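Our numbering applies: residue 15 is where the sequence shown begins, and numbers increase by one. From the three backbone atoms N, C-alpha and C, an ideal C-beta is built for every residue, glycine too. Computed from a predicted model, the values in this text were never measured in an experiment. Comments concern the structure below.
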Amino acid sequence: MSEIGTSSFVVVANRLPVDRVISPDGSAHWRRSPGGLVTALAPVMRAYDGAWVGWTGSPDDAPEPFSTSDMDLIAVPLSAEEIALYYEGFSNATLWPLYHDVIVPPEYHREWWDAYRQVNERFAAAAAEVADQNAVVFVQDYQLQLVPQILRSMRPDLKIGFFLHIPFPPSELFAQVPWRRQILEGLLGADLVGFQRDGAAANFEALAEQFTGATLVDDHLVLDDGRKVLARAFPISIEVDEVTRLAEDPEVQARAATIREEVGSPKHILLGVDRLDYTKGISHRLKAFGELLGDGTVTPEDAVLLQVATPSRERVEAYQTLRDEVELQVGRINGDYGRIGKPAVHYLYSSYERAELVALLRAADVMVVTPLRDGMNLVAKEYVTARTDLRGTLVLSEFAGAADELGDGAMLVNPHDIDGLKRTLIKAMRVDDAEAAHRMKLLREHVISHDIDRWAQDFLTVLRAA
Ligand code: ADQ
C-alpha cells in the first residue's frame with residue numbers, strides 16, 4: 015500500500031505533469047514535463063498538499079501513487095484499446111474537430127463514447143478517493159468533461175472547477191453530437207466552468223438552457239435542484255518570467271543571431287511555430303507566402319519562412335494526411351523558388367528545448383500565427399514576451415483566443431482571406447521601427463501583467479468563492 019494521504023487541492027487532467035525518464039543504467043525516474051499549467055499550480059500544490067490525478071502516457075501503466083517535492087501523483091491506467099477509443103477516438107477525432115469549427119468532419123461512434131464515459135468514471139473515482147473533505151478539485155479540458163458531474167454524485171462536499179483549454183462551439187455545431195445533453199450535464203457538475211473567451215462561455219450558457227433544465231439568472235445557471243453554476247472566461251497565459259529570463263540570456267541571443275545567419279541573413283524572417291494540427295492554419299500561411307514569391311512581391315533574398323511543426327497525434331488519420339499535405343506544399347514552394355543552399359521555406363518537423371524555441375522567437379521579424387480556430391495560442395504570447403528588444407511584429411488570426419487580448423498591438427488577419435493575409439504579411443515586413451516598437455509595447459504591457467500565475471489565482475479565487 016502507498017503512504018499517500020488525502021489532499022485539499024486536487025488537479026485532474028488527462029496527463030500527469032511528469033514524464034518517465036530511463037537512465038543509462040536502465041533505472042527509471044520521473045521528470046516534471048515542461049508546461050505553464052503545472053508550474054503555475056505548483057505553489058498551490060505545495061501550500062495545500064496537492065495531488066494530481068492523470069494518465070502516465072503509456073498503455074496499461076499503473077505505478078503506485080508517488081510523491082514529488084510539489085505534489086502527490088495518482089496514475090490512472092488506460093489500456094491500449096481505451097487509448098484508441100477514448101483518447102485518439104472520442105477526444106481527438108470527435109470532440110477536437112467538433113470544437114474547432116468542424117475544420118475536418120467529427121466522427122461519431124457509440125463505442126468511442128462508451129469508452130469516454132468509462133474512462134471519465136475512472137478519473138472521477140480516483141479523484142474522489144484522494145480528495146479531503148470539502149477539498150477543491152480542478153478538472154482540466156475536453157477529455158474529462160463528464161468528471162465534474164460524476165465526481166459530484168460521489169462527493170457532494172467537494173468544490174469543483176473545470177477549465178476548457180479549447181474553444182466551445184455554438185449550438186449550430188454542438189447540437190450535432192448525439193450525447194450533447196450528457197456532456198453539458200457533465201460540465202454542469204462543476205461550480206465554476208472556465209473558458210478562454212467570453213463567446214465560449216456564452217455558447218455554453220445558451221446550450222445549457224437549450225438542452226438541459228438550466229436557466230440563466232443574473233450571470234449564473236440555475237439547475238433544476240437549485241444549485242448554481244458560474245460560466246466565465248479566464249484567458250490562459252504563459253510563464254512570463256521563464257520566457258523573459260531566456261530571452262535576456264546572452265547565449266540565447268547569440269543563438270538567435272546564428273539562426274539568422276544560418277537561414278542566409280534575409281531582410282525578413284517569418285516564423286511559424288505550431289503543433290502539426292489542422293486547426294493551426296499552416297497550409298493557409300504557406301499558400302500566402304508561396305503566392306508572394308510567385309507574384310514576385312518578395313524574393314527568397316528578401317524573406318524566408320521558418321516553419322516549426324511539432325509532431326502531434328501521429329496515430330490519428332487526419333494528422334497523417336495533414337502532414338503529407340503540408341510537406342507537399344513546402345516541397346513545391348522550395349522546388350519553384352528555392353536555390354541550392356537557399357530554400358524559401360525552412361521546415362522543421364521536431365520538438366525543441368525551450369532555449370532554442372526562444373532563440374527562434376528572438377530571430378523572427380514577423381511571427382505568423384494563423385489558426386483557423388484556437389482556444390488561446392500561447393506561442394503568440396511567448397513571442398511578445400521574448401521581444402524584450404521591442405522589435406518584431408505579431409500577425410495574429412482573429413480566430414485565436416489571444417486576439418481578444420492582443421488585438422491592439424498585433425496585426426489581425428482572417429487566415430481564410432489569402433489576399434488579406436498576403437497584404438498583412440507585406441505590411442508587417444515593411445512596418446517602420448517606431449510603429450513596431452509601439453505595437454510591441456502595447457502587447458507586452460498586456461501579457462506581462464496577465465501571466466499564468468494571475469490566471470491560476472483568478473480562477474481559484476472565483477472557485478473558492480463560488
Ligand atoms: P496547443 O494547441 O498545444 O494548446 P499552444 O497554445 O500554441 O497550442 O501551445 C503550444 C505550446 O507548445 C507552446 O508553449 C509552445 O511554445 C510549445 N511548442 C510548440 N512547438 C514546439 C516545439 N517544436 N518544441 C517545443 N515546444 C513547442 C492547447 C490549445 C490552445 C491553448 C493551450 C493552453 O489548443 O489554444 O492556448 O492549450 O490552454
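State buried or exposed for residue i, treating a residue as buried only when at least 16 other CB atoms are found within 10 Å of its CB.
{"i": "Gln210", "result": "buried"}
{"i": "Val322", "result": "buried"}
{"i": "Val231", "result": "exposed"}
{"i": "Thr438", "result": "buried"}
{"i": "Leu285", "result": "buried"}
{"i": "Glu186", "result": "exposed"}
{"i": "Ile252", "result": "buried"}
{"i": "Asn106", "result": "buried"}
{"i": "Gln157", "result": "buried"}
{"i": "Thr475", "result": "exposed"}
{"i": "Ala189", "result": "exposed"}
{"i": "Gln334", "result": "exposed"}
{"i": "Asp233", "result": "exposed"}
{"i": "Asn391", "result": "buried"}
Following the continuous alpha helix (DSSP H) through residue i, name the residue where it begins and the one where it ends.
{"i": "Val144", "result": "124-144"}
{"i": "Arg458", "result": "447-463"}
{"i": "Lys301", "result": "296-308"}
{"i": "Met381", "result": "It is not in any alpha helix (DSSP H) - Met381 instead sits in the beta strand (DSSP E) that spans 380-383."}
{"i": "Gln343", "result": "331-351"}
{"i": "Gly434", "result": "432-444"}
{"i": "Met168", "result": "161-168"}
{"i": "Phe225", "result": "212-225"}
{"i": "Val372", "result": "368-377"}
{"i": "Leu187", "result": "185-188"}
Are residue i and residue j closer than 8 Å when you measure CB to CB?
{"i": "Met59", "j": "Asp33", "result": "no"}
{"i": "Gly64", "j": "Phe23", "result": "yes"}
{"i": "Thr108", "j": "Ala261", "result": "no"}
{"i": "Ala358", "j": "Leu307", "result": "yes"}
{"i": "Pro184", "j": "Asn217", "result": "yes"}
{"i": "Gly406", "j": "Met381", "result": "yes"}
{"i": "Ala215", "j": "Ala222", "result": "no"}
{"i": "Asp205", "j": "Val236", "result": "no"}
{"i": "Tyr351", "j": "Pro314", "result": "yes"}
{"i": "Glu96", "j": "Val67", "result": "no"}
{"i": "Ala451", "j": "Arg376", "result": "no"}
{"i": "Ala42", "j": "Val35", "result": "yes"}
{"i": "Tyr122", "j": "Tyr100", "result": "no"}
{"i": "Glu339", "j": "Ser297", "result": "yes"}
{"i": "Arg337", "j": "Leu374", "result": "no"}
{"i": "Gly310", "j": "Ser411", "result": "no"}
What span of residues does the beta strand (DSSP E) with residue i cover, start to end?
{"i": "Tyr363", "result": "359-363"}
{"i": "Ser411", "result": "407-411"}
{"i": "Gly200", "result": "Not the beta strand (DSSP E): Gly200 falls in the alpha helix (DSSP H), residues 194-201."}
{"i": "Val398", "result": "Here Val398 belongs to no beta strand (DSSP E); instead the alpha helix (DSSP H) covers 392-400."}
{"i": "Asp33", "result": "32-36"}
{"i": "Met425", "result": "425-427"}
{"i": "Ser21", "result": "21-29"}
{"i": "Gly355", "result": "Run containing Gly355: none; DSSP gives neither H nor E here."}
At the level of alpha carbons, what is the spacing between residue i and residue j?
{"i": "Gly213", "j": "Thr272", "result": "42 Å"}
{"i": "Leu165", "j": "Pro111", "result": "27 Å"}
{"i": "Arg353", "j": "Gly304", "result": "15 Å"}
{"i": "Pro264", "j": "Ala442", "result": "27 Å"}
{"i": "Asp447", "j": "Phe182", "result": "38 Å"}
{"i": "Ala138", "j": "Met168", "result": "8 Å"}
{"i": "Gly103", "j": "Val330", "result": "8 Å"}
{"i": "Ala94", "j": "Pro73", "result": "5 Å"}
{"i": "Arg346", "j": "Gly40", "result": "44 Å"}
{"i": "Arg246", "j": "Ile440", "result": "37 Å"}
{"i": "Arg368", "j": "Gln224", "result": "44 Å"}
{"i": "Lys455", "j": "Ser81", "result": "42 Å"}
{"i": "Ser364", "j": "Val151", "result": "35 Å"}
{"i": "Gln488", "j": "Leu201", "result": "No information on residue 488 is available, as it lies outside the stretch 15 to 480 that the chain covers here."}
{"i": "Leu477", "j": "Asp239", "result": "20 Å"}
{"i": "Ala479", "j": "Lys173", "result": "10 Å"}
{"i": "Val90", "j": "Trp69", "result": "5 Å"}
{"i": "Arg453", "j": "Ala394", "result": "14 Å"}
{"i": "Val26", "j": "Ala378", "result": "37 Å"}
Leaving out the 5 sequence neighbours to the left and right, which residues in its chain are closer than 7 Å to residue i when beta-carbon positions are compared?
{"i": "Ser16", "result": "Annotation note: pLDDT 47 at Ser16 (below 50); position unreliable, coordinate value reported separately. For Ser16, where only same-chain residues beyond five positions count, the Cβ hits under 7 Å are Glu78, Pro79."}
{"i": "Gly434", "result": "Val427, Asn428"}
Apart from the five residues just before and just after residue i, which ones in its own chain have a Cβ nearer than 6 Å to its Cβ?
{"i": "Val344", "result": "Val359, Tyr361"}
{"i": "Val398", "result": "Leu457, Arg458, Val461"}
{"i": "Asp115", "result": "Arg387"}
{"i": "Tyr62", "result": "Ser22, Phe23"}
{"i": "Phe473", "result": "Gly208, Phe248"}
{"i": "Asp155", "result": "His179"}
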